[in-house]
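First comes the structure, then the notes that go with it.
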Amino acid sequence: MTENPTGATPTDPWADIRPYRDDEVAAVLANLAGNRELLDALTRYRLPRLSRTLPWLARALASYAIRRETRGVASVHDFQMRVAYYMNRMIRTSTDDFRVEGLENLNADTAYLFIGNHRDISLDPAFVNFALHQAGRDTVRIAIGDNLLKKPYVTDLMRLNKSFIVPRALRGKRAMLAAYQNLSSYIRHSIVEDNHSIWMAQREGRAKDGIDRTDPAIIKMLTMAHRMEQRNAPIGEAIAELRMVPVSISYEYDPCDLQKARELHAVHSQGSYAKSEFEDIQSIVAGITGHKGRVELRFGEPLGAGFDTPEAVAAEIDRQVIGGYRLFPSHYLALEALSDAPELLDLSEVSDVDRARFQARLNEVPSELRSWWLAQYANPVRNKAAQLAGHDLGET
């Protein structure tokens, strides 16, 4: 992590987990421009031959590029405007269409806790931020698990982009409880005191199998701060205070679908899956650069106070997330390929071009991974049908 002086104090109790402030940006950027691990990572991707033959020169060029790209960046907003430029280019080059629904129903001057399904490590909140930016609204603070922050330079980049840290690696119930209470307090402070919106996933980790389901434990964590202050307050009161808004994001194609299928197959056949050292970073790069087809983002309705249990809150989030999830031809074509639920098929919007594109991607999937690859796309159809039928969303 950067050498910037951070650390919890009475005046800054969330210094260890919060995003960086404007007065910290310059020092963080200076540190990044000289961070050898970051420079080596950049040169491996952009200057692979030079990084092997003249690594010192490759690092010098990468350092210069960082300083050039961040020249004039003096605040978090400045940094995010640079990110917005690249986000705009990414959408032009790797998506066929990006649509936003429901944002017009939310007050532009009100902070919300956006809680949504999670398919891509960095792009899910990035698309939310881009939608808000395009609408002239402030961007969100982003919850990110510390399991993704194994490299100090990754932590710095994420915190520059308004990410805050969710603890997952602590040992011991007491330490985890204290960390979650602190996290809950920070989230509540952001919404209620700072009037600054937040994005977080409905569960830990990406839904690699295409099954979107909210973990009630996350709801319990979110209400901790309110319940610490008012022990007898009903849970609905804490939920209403946070102005929780379910968000659905749907990708026609997931650039990481093959890697997800490989992981699911390994867990099924071997009982576990061990990630390589740079796998999460590689997934981030693949998600950003890979073709996604059409992408749709839908904002739901704020949750009120009419909830008695975390499970009831989770069920309502699931209802809105799955109800707002856009099904593309890829989803129905996967279900057709599995041929186990013909009654759910709707091929009315599937064109010959859609079918050819889908088949071309499927042809690149090894035979032992195909059922896992197809399930990622077919499961949202099953889940939406189960929800419409009023059934519990079990594992498929």
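For the sequence shown, this note's numbering assigns the number 104 to the initial residue and increments by one for each residue that follows. By construction, the Cβ of each residue, glycine as well, lies at the ideal position given by its N, Cα and C atoms. Values in this document were obtained by computation on a predicted structure and should not be read as measured data.
Cβ pair count under 8 angstroms reaching 3, the stretch 290-304 against the stretch 251-264: no
Host alpha helix (DSSP H) of F182 (start-end): 179-197
For V416, the nearest candidate out of S197, E380, P319, H394 (CA to CA): P319
Simplified DSSP state of L361, which is helix, strand or coil: helix
Span separating the alpha-carbon of Y123 from that of L263: 6 angstroms
Check whether S225 and I387 have beta carbons under 7 angstroms apart: yes
Burial state of N107, where buried means 16 or more other Cβ atoms lie within 10 Å: Caution is warranted here: a pLDDT of 43 is assigned to N107, below 50, making its placement in the model unreliable, and no coordinate value can be reported.
Whole-angstrom C-beta distance between S266 and I245, which should lie under 8 angstroms: 4 angstroms
L206 versus A310: straight-line alpha-carbon distance, rounded: 24 angstroms
Straight-line gap, S166 to G137 (C-alpha atoms, nearest Å): 6 angstroms
G409 burial status per 10 Å Cβ neighbour count (16 or more: buried): exposed
Reduced DSSP secondary structure (H/G/I, E/B, other) of E106: A caution first: E106 carries a pLDDT of 43, below 50, which makes its placement in the model unreliable, though a value can still be read off. In the structure shown, E106 sits in coil (DSSP, three-state: anything other than H, G, I, E or B).
Beta-carbon proximity check, A343 vs G407, cutoff 7 angstroms: yes
Distance, E404 Cα to R346 Cα: 9 angstroms
C-beta atoms of A272 and D249 nearer than 7 angstroms: yes
Beta carbon of L251 nearer than 7 angstroms to that of D383: yes
Counterpart residues of A304 in DSSP-defined beta bridges: G219
Reduced DSSP category for S266 - H, G, I as helix; E, B as strand; rest coil: strand
For A246, the residue or residues it bridges with in DSSP: F267
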